[in-house]
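Protein chains in written order, with this note's numbering: chain A, 162 to 419; chain B, 9 to 397. Glycine included, C-beta positions come from ideal geometry on N, C-alpha and C.
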Amino acid sequence: MTFHIIVCIKSVVTGAPSGVVKRSPQNSQLNPFDWPALEAALQMKEYNKGSVTAITMGPAISGEALAEAMAMGVDRGILISDPALKGSDTLVTSRVLAAAVKRIGKFDLLFFGTRTSDSDTGQVGPQTATLLEVPFISGVKQFEGQVGDWTVERGMDEWEETWRLSSPWSASINQHAYAPRSIGLDSLSEVFDRINIEEWSLTDLDLATEDVGLAGSPTRVVALKKLRRDRNCIMLEGDAQVQMEELITHLNKAGVLA
Amino acid sequence: MTEPFLTAKHRILRRSVRSFCDRELSPIAAQIDQEARFPWEVIEKMGPLKYFGIQASRELGGAALDSLSYAIIIEEVSRISAAIGLCLSVHNSVAVFPIMAFGTAEQQQRWVSELARGQKIGAFCLTEPNAGSDASGISATAIQEGDHYRVNANKVFVTNGGVADICLIFARTDPAAGRKGISVVVVERGTPGFVVGDLEDLCGVRANPVSSIRLYDCCVPKENLLGQSGTGLQIGLVALDTGRIGIAAQALGIAQASMEEAIRYANQRQQFGVPLSRHQVIQMMIADMATQVDAARMMIYRAAWLKDQHQTFTKASAQAKLFAAEAAGKVTDLAVQIHGGYGYSKAYAVERYYRDARVTRIYEGTSEIHRMVIAREAQKEIMSDLHIA
Numbered sequence: 162m163t164f165h166i167i168v169c170i171k172s173v174v175t176g177a178p179s180g181v182v183k184r185s186p187q188n189s190q191l192n193p194f195d196w197p198a199l200e201a202a203l204q205m206k207e208y209n210k211g212s213v214t215a216i217t218m219g220p221a222i223s224g225e226a227l228a229e230a231m232a233m234g235v236d237r238g239i240l241i242s243d244p245a246l247k248g249s250d251t252l253v254t255s256r257v258l259a260a261a262v263k264r265i266g267k268f269d270l271l272f273f274g275t276r277t278s279d280s281d282t283g284q285v286g287p288q289t290a291t292l293l294e295v296p297f298i299s300g301v302k303q304f305e306g307q308v309g310d311w312t313v314e315r316g317m318d319e320w321e322e323t324w325r326l327s328s329p330w331s332a333s334i335n336q337h338a339y340a341p342r343s344i345g346l347d348s349l350s351e352v353f354d355r356i357n358i359e360e361w362s363l364t365d366l367d368l369a370t371e372d373v374g375l376a377g378s379p380t381r382v383v384a385l386k387k388l389r390r391d392r393n394c395i396m397l398e399g400d401a402q403v404q405m406e407e408l409i410t411h412l413n414k415a416g417v418l419a
Numbered sequence: 009m010t011e012p013f014l015t016a017k018h019r020i021l022r023r024s025v026r027s028f029c030d031r032e033l034s035p036i037a038a039q040i041d042q043e044a045r046f047p048w049e050v051i052e053k054m055g056p057l058k059y060f061g062i063q064a065s066r067e068l069g070g071a072a073l074d075s076l077s078y079a080i081i082i083e084e085v086s087r088i089s090a091a092i093g094l095c096l097s098v099h100n101s102v103a104v105f106p107i108m109a110f111g112t113a114e115q116q117q118r119w120v121s122e123l124a125r126g127q128k129i130g131a132f133c134l135t136e137p138n139a140g141s142d143a144s145g146i147s148a149t150a151i152q153e154g155d156h157y158r159v160n161a162n163k164v165f166v167t168n169g170g171v172a173d174i175c176l177i178f179a180r181t182d183p184a185a186g187r188k189g190i191s192v193v194v195v196e197r198g199t200p201g202f203v204v205g206d207l208e209d210l211c212g213v214r215a216n217p218v219s220s221i222r223l224y225d226c227c228v229p230k231e232n233l234l235g236q237s238g239t240g241l242q243i244g245l246v247a248l249d250t251g252r253i254g255i256a257a258q259a260l261g262i263a264q265a266s267m268e269e270a271i272r273y274a275n276q277r278q279q280f281g282v283p284l285s286r287h288q289v290i291q292m293m294i295a296d297m298a299t300q301v302d303a304a305r306m307m308i309y310r311a312a313w314l315k316d317q318h319q320t321f322t323k324a325s326a327q328a329k330l331f332a333a334e335a336a337g338k339v340t341d342l343a344v345q346i347h348g349g350y351g352y353s354k355a356y357a358v359e360r361y362y363r364d365a366r367v368t369r370i371y372e373g374t375s376e377i378h379r380m381v382i383a384r385e386a387q388k389e390i391m392s393d394l395h396i397a
C-alpha cells in the first residue's frame with residue numbers, strides 16, 4: 162500500500178457573521194489555517210511518493226474548497242454533505258470525520274489546520290484523533306521520516322518539543338510552518354477539466370440522523386455578540402519631560418506598568 | 009449572491025491570482041512604478057505558474073483556460089500593478105494568441121512553447137511614428153529575397169519592447185498592394201539589425217518597458233511569415249478583438265483598486281466631526297464608482313463569455329473596452345478627489361492609479377476608434393434586423 166495522507170479541511174464563512182449566515186460562493190472560502198496542513202501533506206507526498214486525500218463536511222458549496230485543494234495537488238476529494246448535518250457541533254463533526262476516515266481505510270498521516278477562521282475552536286482535530294484512537298500532536302512545525310519512524314517537532318511559546326512515533330499519527334499543522342504554494346493556472350485548469358469530487362451522505366457512513374446535526378450535538382451556541390473595542394486618543398502636550406511624566410502617570414493608572 | 013457568467017473555476021482562479029499578487033506583487037507595486045523597473049523576480053515566478061500561457065494549449069506548455077479566466081487574471085493582476093497586467097495582456101492576447109490562431113504547427117512549437125512558459129516575452133509591433141489608428145498607413149517593409157525576408161521597420165510605443173524576445177512585426181510585403189500588401193513577420197531579438205530603442209518615460213504603467221524597436225535590414229527566414237502573405241491587417245484585427253478584452257480588464261482592475269482605496273479612506277478620514285463616508289456628497293461619488301465598476305465588469309465578462317461560446321464578440325469587446333477605459337478614468341478621478349490633497353501625492357496609491365488609467369483610453373484602439381467600430385457593428389446589426397441593406 163502506498164504512502165497516504167488524509168487532510169480534513171473546511172469551507173469557512175468569510176466576514177463577521179451577524180445572525181443566521183446565508184452561504185454563498187462569495188462568502189465561502191477554504192479555511193486559511195488549512196493551507197499549511199495541505200502544504201505539509203503535499204510536500205510529504207512528493208517526498209514519499211504517495212497520495213493525499215482531502216475530506217470536508219459541509220453544504221454543497223464546500224466542494225469549492227475541495228476543488229481548490231485539488232488544484233494545489235490533492236489527489237482525491239470527498240465531500241460529506243447531508244441535510245441532517247445542519248447544526249452539528251464540533252463533537253458531531255469529529256464523529257462524522259472519524260467515520261469518513263474509517264471508510265477511506267488505510268492512512269499514514271491525518272492532518273488538520275490548527276483551527277478555523279470562522280468558529281475558532283481548534284477542537285475538531287484532537288477530537289477526531291481521539292475517536293479514531295490515533296496519537297495527535299498539535300501545532301506541528303516540522304516532521305520527517307517514513308512509514309515506521311517519524312521525528313516530529315512542535316512549537317510552544319518558548320519551547321520546542323521533539324517527538325518520535327510511528328504511523329499512523331495525526332496532527333494539526335502550525336499556521337506559520339508551511340507557506341502554501343501558489344496554484345498554477347495549468348493545474349487549476351486541469352482539475353476542472355476532469356473534476357471529480359466524491360459525495361458521501363450519512364448512509365455511506367453508517368450514521369443515524371439522531372446522532373448528528375442539532376439532535377446529536379451536546380453543545381449549542383446560544384448567543385453571538387460582536388465585541389466593541391473602545392479606544393481613546395489622549396493628546397499629551399508640553400515639552401518632552403512633561404509629556405513623558407504624564408505618559409507614565411497614564412500608563413500607571415491603566416495598570417500597564419504595575 | 010452569485011455573479012453571472014462565473015463558475016467555481018473562475019472563483020477559485022480569482023482567489024488564487026489575488027493571493028499570488030498580494031504576496032508577490034503588492035509589496036513592490038509602488039516601488040517598481042517609481043523606479044520604472046521591470047520586476048524580473050516576480051515575472052520569473054509567474055512563468056512556471058503559466059501566467060504567460062493563459063490560453064495556450066497544454067501541449068505547448070500553456071494553461072488552456074477560457075477567455076473569461078483570462079479577463080479575471082488580467083483584472084486581478086492590474087488591481088495590484090497595471091504595468092504588469094499590461095505585460096500579461098499584450099503577451100497573451102496579441103503575441104501568443106495570433107501565433108496559436110494563425111501559426112503553423114512548427115511555428116507554434118518554435119515560439120509558443122517558450123512564450124507560454126514565460127521563458128520568452130512577446131510583443132506586438134504595429135504602431136509607427138506616422139501610423140497609429142490608421143494601421144494601413146505603416147511604412148515598414150519586409151521584402152522577400154529568395155528564402156528570406158529583409159525587414160526594415162521603425163516601431164514605436166511597443167509594450168514589453170525593452171524585454172521582448174519574439175516580436176510580431178507588421179510590414180509591407182507587397183508595397184504596391186496597399187492594405188492587401190501588409191503581412192505579419194516574426195522577428196526575434198538578437199537577429200542582426202534588431203535594435204531596441206530607449207525606454208519611454210511614460211506618465212503611467214511605468215514598470216512596463218515600453219520602447220521603440222527598430223529593424224535595419226533584418227534578415228529572417230521566409231518561414232517566419234505568420235499566416236498568409238497580405239493578411240496582416242486581418243490578423244491584427246482578430247488579435248485586437250481579443251486584446252481589447254485584456255485591456256478592458258486592465259482598466260477594470262485599476263478602477264476596482266481605486267474604488268477600494270477610496271472607500272477605505274472615506275471611512276477613516278474625519279472631517280466636520282464624522283468620517284467622509286457619512287457625508288452625502290462622498291456617498292454620491294462612491295455610488296457612481298461602484299456602478300461604473302460593476303457595469304464595466306459585466307460588459308467585459310459578457311464579451312469574454314461570447315468569445316468562449318464561439319459567438320461574434322467584436323461589438324461586445326469594443327463596447328467593453330470603451331466603457332471600462334472611460335470608467336477607469338472617472339473612477340480614478342473620483343478616488344483622487346475623495347483623497348483630497350493626499351490623493352495628489354505619491355504617498356497614496358490612487359495617484360498611481362490615476363496615471364495608469366489614462367492610457368487605457370489610448371492604446372489597443374483609442375476610445376474614438378472603438379466608437380467607430382461600435383457604430384459600424386450596431387448599424388450592421390440593426391439594418392440587418394430591419395432587412396435593409
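What would DSSP say about arginine 305 of chain B, mapped onto helix, strand or coil? helix
Between the alpha carbons of leucine 94 of chain B and tyrosine 371 of chain B, how many angstroms are there, rounded? 11 Å
Does any residue of chain A bring its CB to less than 7 Å from the CB of arginine 22 of chain B? no
Would phenylalanine 297 of chain A count as contacting chain B if we go by Cβ distances under 7 Å? no
Does the beta carbon of phenylalanine 13 of chain B sit closer than 7 Å to a beta carbon anywhere in chain A? Not a single C-beta of chain A is nearer than 7 Å to the C-beta of phenylalanine 13 of chain B.
Using a Cβ-Cβ distance under 7 Å, would leucine 73 of chain B count as near chain A? So, interface residue.
Please list the residues of the region 265 to 283 of chain A that have a C-beta atom closer than 8 Å to any C-beta atom in chain B, keeping them in chain order. none
Quick one: which residues of the region 214 to 245 of chain A get their C-beta closer than 8 Å to a C-beta of chain B? List them in chain order. Gly224, Glu225, Ala228, Glu229 and Ala232
Quick one: is leucine 33 of chain B near chain A, going by C-beta distance under 7 Å? At a cut-off of 7 Å between C-beta atoms, leucine 33 of chain B does not count as an interface residue with respect to chain A.
Give a yes or no on whether 7 Å exceeds the smallest Cβ distance from methionine 9 of chain B to chain A. Residue confidence is low: methionine 9 of chain B scores 46 on pLDDT, short of 50, so the model does not pin down where it sits. Its coordinate-derived value is still stated next. Taking Cβ atoms only, chain A reaches closer than 7 Å to methionine 9 of chain B, which makes this a yes.
Find out if the Cβ-Cβ distance for the pair leucine 260 of chain B, alanine 332 of chain B is shorter than 7 Å. yes
Determine the burial state of asparagine 357 of chain A: buried for a count of at least 16 other Cβ atoms within 10 Å of its Cβ, exposed for fewer. exposed
What residue does the beta strand (DSSP E) around histidine 400 of chain B start on, and which one ends it? Residue 400 of chain B cannot be examined here, being either before or after the span of chain B that is shown, 9 to 397.
In this structure, does DSSP put leucine 210 of chain B in helix, strand or coil? coil
Is there a Cβ from chain B that is less than 7 Å from the Cβ of aspartate 195 of chain A? no
Spell out whether any CB of chain A is found under 7 Å from the CB atom of lysine 58 of chain B. yes
Indicate the three-state DSSP secondary structure (helix, strand or coil) for methionine 9 of chain B in the structure shown. Note that methionine 9 of chain B has pLDDT 46, beneath the 50 cutoff, so the model's placement of it is unreliable and the number below is only indicative. Methionine 9 of chain B falls in the coil class under three-state DSSP.
Hey, does isoleucine 344 of chain A have any beta-carbon neighbour from chain B nearer than 7 Å? yes
When the Cα atoms are used, what is the spatial distance from methionine 9 of chain B to glutamine 187 of chain A? At methionine 9 of chain B the pLDDT is 46, less than 50, meaning the model places this residue with poor confidence and gives no usable figure here.
For leucine 207 of chain B, I'd like the list of residues in its chain whose CB is within less than 6 Å of its CB, leaving aside the five on either flank, ordered along the chain. Cβ within range, chain order: Gly170, Pro217 and Ser219.
Straight-line CA distance for cysteine 211 of chain B to glutamine 387 of chain B? Their backbone Cα atoms lie some 36 Å apart in a straight line.
Paired residues, beta bridge with isoleucine 190 of chain B - DSSP: Beta-bridge pairing links isoleucine 190 of chain B to B:Arg180.
Report, in whole angstroms, the separation of the C-beta atoms of valine 262 of chain A and isoleucine 167 of chain A, which I expect to be a contact under 8 Å. 6 Å
Glutamate 420 of chain A, enclosing beta strand (DSSP E) - first and last residue: Because chain A here runs from 162 to 419, residue 420 of chain A falls outside it and cannot be looked at.
Would you mind listing the beta strand (DSSP E) stretches within the region 205 to 231 of chain A that are 3+ residues and don't spill past its ends, in chain order? 212 to 218
Under 7 Å, CB to CB, which of the residues in the region 343 to 368 of chain A have a partner in chain B? Ser343, Ile344, Gly345, Leu346, Asp347, Leu349, Ser350 and Phe353
Does any residue of chain B have a CB that is nearer than 7 Å to the CB of leucine 287 of chain A? The sequence given here has proline at residue 287 of chain A, not leucine. Answer no: the Cβ-Cβ gap between proline 287 of chain A and chain B never drops below 7 Å.
Alpha carbon of methionine 54 of chain B to alpha carbon of leucine 397 of chain A, nearest angstrom: 50 Å
Selection of the region 159 to 178 of chain B by Cβ proximity to chain A, strictly under 8 Å: none
Can you list, in chain order, the residues of its chain with a C-beta nearer than 6 Å to that of glycine 234 of chain A? Leave out the 5 residues immediately preceding and following it. Leu203
Can you give me the Cβ contacts of leucine 73 of chain B inside the same chain, cut-off strictly under 7 Å, excluding the 5 residues immediately before and after it? Ile62 and Gln63
Of all the residues that make up the region 403 to 419 of chain A, which are near chain B by a beta-carbon distance shorter than 7 Å? none
Inter-residue Cα distance where the pair is leucine 223 of chain B and isoleucine 146 of chain B: 14 Å
Mind checking aspartate 243 of chain A: buried by the 16 CB within 10 Å criterion, or exposed? buried
Can you list, in chain order, the residues of its chain with a C-beta nearer than 7 Å to that of arginine 379 of chain B? Leave out the 5 residues immediately preceding and following it. Leu330
To the nearest whole angstrom, what separates the beta carbons of leucine 349 of chain A and isoleucine 20 of chain B, a pair I think is in contact under 8 Å? 6 Å
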